[in-house]
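Reviewing the structure listed below.
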Amino acid sequence: MKILNANPPYNLFGIENPDYEKAKVAVLPVPYDAATTYKGGAREGPHAIIDASRNIELFSEELDGDTSTIGIYTLDEMMPDISGPEGMTRQIEKEVSILLDDGKVPLLLGGDHSIAIGSIRAVAKKFKNFTVLHFDAHSDSRDSYMNSKYCHACIMARANEVCDSCYSIGVRSTDEEGFAKYGKSTIYRKDIHKMGVEGVVKDLLKKTKGKVYVTIDVDVLDPSEMPSTGTPEPDGLSFYELKSILKGVLEKRELIGMDVTELSPIGGIVAPNYLVAKLLYLSLGFAFLNKR
Numbered sequence: 003m004k005i006l007n008a009n010p011p012y013n014l015f016g017i018e019n020p021d022y023e024k025a026k027v028a029v030l031p032v033p034y035d036a037a038t039t040y041k042g043g044a045r046e047g048p049h050a051i052i053d054a055s056r057n058i059e060l061f062s063e064e065l066d067g068d069t070s071t072i073g074i075y076t077l078d079e080m081m082p083d084i085s086g087p088e089g090m091t092r093q094i095e096k097e098v099s100i101l102l103d104d105g106k107v108p109l110l111l112g113g114d115h116s117i118a119i120g121s122i123r124a125v126a127k128k129f130k131n132f133t134v135l136h137f138d139a140h141s142d143s144r145d146s147y148m149n150s151k152y153c154h155a156c157i158m159a160r161a162n163e164v165c166d167s168c169y170s171i172g173v174r175s176t177d178e179e180g181f182a183k184y185g186k187s188t189i190y191r192k193d194i195h196k197m198g199v200e201g202v203v204k205d206l207l208k209k210t211k212g213k214v215y216v217t218i219d220v221d222v223l224d225p226s227e228m229p230s231t232g233t234p235e236p237d238g239l240s241f242y243e244l245k246s247i248l249k250g251v252l253e254k255r256e257l258i259g260m261d262v263t264e265l266s267p268i269g270g271i272v273a274p275n276y277l278v279a280k281l282l283y284l285s286l287g288f289a290f291l292n293k294r
C-alpha cells in the first residue's frame, strides 16, 4: 500500500522509481573528509545535499522543463577507506570506471575535494580528449601537502598529470609555486571582476575541448552565500555568477563527469545545502535537458 502524503524517496531530487539501466546520470555519494587541512565536516555533505534536493520543485521555469526526466539514479554511499586518501582515490577510480563502462555520467557528491582525483583518473582512462574545469577559491595545485600527494590541496597537480587541458576558475588563494606553474591556466577572481560572466564564458569556450569534466569546491562561492565550508575565502562568486558560467559552457559542451565537494553543513542552516542541490539540478539541466 502506498502511504498517502509520503515524503519523496531518499535520492537526489527525490525521484520516484529511478531506473539505473535507463539513467543518464549516476550519482555517487562519497562521505569522506580525511584529506582536509583546516575544518572538517564535509563527510556530512552528501546527506545534506540529498536531503535538501528532495524539496526542490522538479519543474524549472528557467529550464522550461524537468531535469529529472534525463534519468538520474542515486547509488548507495561509498564506504570510506581508512587507509588514507591514496587508498580512497583507488577505490573511487574503480567505482567511477564501472559507471563509465555502463555508459553513465558520474556525479560525485563529496566529501572533501580529494575525491575528485580518482574520478578524474577514471575519466582520463575512458576519454583521451577532454577538459577539466575546476571551480575553487584555491588553486589546489601543490604537488604535495602535509606529507600527501592526495590531499585536497593537490587535486589539480594530479589532474594535470592525466589531462593536458585543465582550467581553474574563481581562484583567490594560491601558493607562489602554483601561481608560477599554473597561473596561465587560471581565471582568478580579480579577472572575473574585469571580464564579467560573458567574458569568462567566451574565454572558456575558446579554450575547452568538446568534452568537459566539472569539479566544484563550494568555497568558490562567497562565504555570505556559502558559509558551510571548511576553507572559506572572502570575495567569492555569487550563485548567479557560478550558475551563469556553468550554463554558458555546459550548453555548448558535452558533460562527461562532475563532482561537487567541501560542503560542511552547519546545524540549523539549510540554505547552503539547498543552494548546492539547486546548482546541481540546474547544471544537469543545462548539460542534458535540451540535448536529448
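Note that this note's numbering gives residue 217 to position 215 of the sequence shown, counting from 1, and the numbers run on in steps of one.
Every residue gets a Cβ at the ideal spot worked out from N, C-alpha and C, and that includes glycine.
Only a predicted model underlies this, so the values are computations on that prediction, with no experimental measurement involved.
Report the rounded CA-to-CA distance for asparagine 7 versus glycine 212, giving the unit in angstroms. If you take the alpha carbons of asparagine 7 and glycine 212, they lie about 44 angstroms apart.
Beta-carbon within less than 8 angstroms of tyrosine 169's beta-carbon, same chain only, minus the 5 sequence neighbours each way: which residues are those?
For tyrosine 169, where only same-chain residues beyond five positions count, the Cβ hits under 8 angstroms are Thr133, Val134, Leu135, His136, Ser187, Thr188, Ile189, Leu206, Lys209, Thr210.
**Q.** Cβ-Cβ distance between threonine 263 and valine 220 below 9 angstroms
**A.** Going by beta carbons, threonine 263 and valine 220 fall inside the 9 angstroms limit.
Problem set entry | Backbone CA spacing between glutamate 64 and leucine 291 [nearest angstrom] | Rounded to whole angstroms, glutamate 64 to leucine 291 spans 12 angstroms at the Cα level.
Between glycine 269 and glycine 232, what straight-line distance do the alpha-carbon atoms span, to the nearest angstrom? Going by the C-alpha atoms only, they are around 14 angstroms apart.
Specify whether the region 7-16 and the region 231-248 touch according to this definition: at least 3 beta carbon pairs, one from each stretch, less than 8 angstroms apart. Cβ pair count under 8 angstroms is below three, so no.
Leaving out the 5 sequence neighbours to the left and right, which residues in its chain are closer than 7 angstroms to leucine 252 when beta-carbon positions are compared?
The residues are Ser285, Phe288, Ala289.
Residue interval of the beta strand (DSSP E) (run including lysine 96): Lysine 96 -> not in any beta strand (DSSP E); alpha helix (DSSP H) instead, spanning 87-103.
Give the single residue among Val107, Ala28, Phe129, Ile218 whose Cα lies nearest to the Cα of isoleucine 157. The candidate whose alpha carbon is nearest that of isoleucine 157 is Ile218.
Open item on the list: Contact between the region 253-261 and the region 39-55 is defined here as three or more beta-carbon pairs at a separation below 8 angstroms; is this criterion met?
Closed with: Result no; under three Cβ-Cβ pairs closer than 8 angstroms.
- [ ] Return helix, strand or coil for lysine 106, following the three-state DSSP convention.
- [x] Three-state result, lysine 106: coil.
Cutoff 6 angstroms; reference proline 31; Cβ partners in own chain excluding five residues on either side: Cβ within range, chain order: Pro48, Glu79, Leu111.
Discussion item. Please report the straight-line C-alpha distance between aspartate 104 and lysine 196, rounded to a whole angstrom.
Written reply: So the alpha carbons of these two residues sit roughly 43 angstroms apart.
message = Quick check: the Cα distance between serine 9 and lysine 192, rounded to an integer number of angstroms?
response = In the sequence under discussion, the amino acid at residue 9 is asparagine, which differs from the serine named in the question. Asparagine 9 and lysine 192: Cα-Cα distance of roughly 44 angstroms.
Check: Going by the CB atoms, is the gap between proline 82 and valine 98 shorter than 9 angstroms?
Finding: No, they are not a contact pair.
Legend entry - C-beta atoms of arginine 255 and valine 214 nearer than 9 angstroms: In this structure, valine 214 lies closer than 9 angstroms to arginine 255 by Cβ.
Selected residue, minimal CA-CA separation from tyrosine 75, among Lys245, Met90, Gly89, Leu101
The shortest C-alpha separation from tyrosine 75 is found at Leu101.
Rounded to a whole number of angstroms, what is the C-alpha to C-alpha distance between leucine 265 and tyrosine 276? Rounded to whole angstroms, leucine 265 to tyrosine 276 spans 11 angstroms at the Cα level.
**C-alpha gap between tyrosine 12 and alanine 50, whole angstroms** = Taking C-alpha positions only, tyrosine 12 is separated from alanine 50 by approximately 11 angstroms.
Self-check item: Nearest candidate by alpha-carbon position, reference asparagine 162, set Leu248, Glu200, Ile122
Solution: Of the candidates Leu248, Glu200, Ile122, the one whose C-alpha sits nearest the C-alpha of asparagine 162 is Ile122.
Practice item. Label isoleucine 72 either buried or exposed according to how many other C-beta atoms from any shown protein chain fall within 10 Å of its C-beta, with 16 as the threshold for buried. Key: Result: buried.
Inter-residue CB distance, leucine 257 and valine 216 (contact presumed, cutoff 8 angstroms): Sure, about 7 angstroms apart at Cβ, within 8 angstroms.
Exercise. Between the C-alpha atoms of leucine 239 and glycine 172, what's the straight-line distance to the nearest angstrom?
Worked result: Each residue's alpha carbon lies about 7 angstroms from the other.
Do you know how far the Cα of lysine 249 is from the Cα of glycine 67? Rounded to the nearest angstrom, the two C-alpha atoms are 15 angstroms apart.
Legend entry - Alpha carbon of valine 203 to alpha carbon of glycine 113, nearest angstrom: Rounded to the nearest whole angstrom, the CA to CA distance from valine 203 to glycine 113 is 28 angstroms.
Check your understanding: Roughly how many whole angstroms lie between the Cα atoms of histidine 115 and alanine 139?
Key -> Taking the straight line joining both Cα atoms gives about 12 angstroms.
So glycine 172 is in the beta strand (DSSP E); what residue range does that whole segment cover?
Where glycine 172 is concerned, the enclosing beta strand (DSSP E) starts and stops at 168-173.
Rounding to the nearest angstrom, what Cα-Cα distance links proline 87 and arginine 160 in this structure?
Answer to the nearest angstrom: the Cα atoms are 13 angstroms apart.
In whole angstroms, give me the CA-to-CA distance for aspartate 21 and isoleucine 58. Take the alpha-carbon of aspartate 21 and the one of isoleucine 58: they are about 20 angstroms apart.
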